[in-house]
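UniProt numbering numbers the first residue of the sequence shown as 1 and each following residue consecutively.
All C-beta atoms in this analysis are idealised placements derived from N, C-alpha and C, irrespective of residue type, glycine included.
Since the model is a prediction, treat every value here as computed from it, not as a measurement.
One structure below.
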Amino acid sequence: MEQSSIWLDLLSNQLISSWLLVGSVVGVALIMGLFVLVNGTSKLDDGFSGKLIQRWSTRSVIIHWFGAIPCIILIFTGIIIGAGKVIFEPGGSIWAAAVKLSATLHELAVFPFMIGAFIMITTWWKKQLFRKYDIDWFIKAGGYINFGKNQHPEAGFANGGEKLWFWVFTINFIILSSTGLMLYFPEFAPSHEYAPAIISLHIISAMAIGAFAIVHIFMATVISEGGLSNMTSGKCDENWAKQHHNRWYKTLNKNKAK
C-alpha cells in the first residue's frame, strides 16, 4: 500500500519523538534497576506461609497474557520502527531488514493486543476505582521504600499504584488504538496535514504505556517478593495478601466466616 509507506517515512522522521520513546522504556528500566540496587526489594516480613489464595481466575490469567505478550511485542518493535534508522545508521541493509521484520511483527500483534486489552479493561475496571485510602498508599510509596521498612499502607484488591497503571493504560490504549488504526488503514485517516499530530499522539501514548509497563514488570518480577505467581498460577501466598492487599484479605476472611 503506497500510503502506508508514506506514513512509515513520516514516522521515521519523528526522530526526537522516537528517541523519547526509546528513553521512556530504556530510561525507566535503568532507573528501576538502580532503585533495586540502592533500595533493595520488598521482602515478605513473615516469609512465605505456604498457604495459597486464589487471586485471579484462570480466565483472567489468560486474558492478561493474551494482552500482555502482544503489548511487549508492540513496544519493542515500535522502538525499532521509530528510532531504528538512527540506531542502525552504519548499515542501511540492517536498518531495512530490522524495520521490515518489526513492521510485520507490529502489524501481527496489533489486533490480539486490542482484543486482549479491551477485555481486560471491561472486565477489571470496577476493581480499579480509587478509594480514600489510596492517597496514603501514594504518600508511603506503597511501602516499597526500604528506608521506611514495615510501612504497609492499606490496599484493596488493587493498590493505588496498580489502579494508576490501569487508568494510564486505559486512556493511552484508546489514543494508541485510534491513532494506530489510522496508521494501519491510512485510507481512513484524516488528510496528511494531520499526519505529524497523529504520529506524535501515537508515540506519546506508546511512551506512557511503555514506561508504566516497565515499572509493572519490575514490580511483579523483581521488587515484590511473591508477586509473579499472581499472574502465572492466579494464586498468591497468604502473607503476600496480608502485607500488600490487607483490605482484600480481610474481606476474604469475612466472606469465609459467613
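Run of the alpha helix (DSSP H) containing residue i, from where it starts to where it stops
i    : result
Q243 : E238 to H244
I53  : Segment L52 to Q54 is the beta strand (DSSP E) holding I53; no alpha helix (DSSP H) there.
One or two residues paired with residue i in a DSSP bridge
i    : result
S42  : S224
K235 : Q54
Euclidean distance between Cα positions of residue i and residue j
i    : j    : result
N159 : T221 : 17 angstroms
N246 : E187 : 51 angstroms
W167 : Q128 : 8 angstroms
V215 : E193 : 35 angstroms
V28  : S233 : 28 angstroms
P90  : A96  : With a pLDDT of only 48 at P90, under the threshold of 50, the placement of this residue in the model should not be trusted; the figure read from the coordinates follows. Distance between the alpha carbons of P90 and A96: 12 angstroms.
G78  : G67  : 16 angstroms
I199 : I73  : 19 angstroms
S229 : N172 : 27 angstroms
A189 : G180 : 10 angstroms
L176 : W124 : 20 angstroms
Y249 : W19  : 43 angstroms
G143 : D45  : 12 angstroms
E107 : N146 : 42 angstroms
F218 : R131 : 25 angstroms
Whole-number beta carbon distance between residue j and residue i, since they are thought to touch under 8 angstroms
i    : j    : result
L34  : M207 : 20 angstroms between Cβ atoms; not a contact.
T41  : E225 : 6 angstroms
P153 : W137 : 4 angstroms
C71  : A213 : 7 angstroms
I63  : I121 : About 10 angstroms; that fails the 8 angstroms criterion.
A155 : H244 : 6 angstroms
V99  : I81  : 6 angstroms
request  = Write down every uninterrupted run of the alpha helix (DSSP H) in the segment 113-196 whose length is 4 residues or greater and which is fully enclosed by it, in chain order.
outcome  = 133-139 and 160-184
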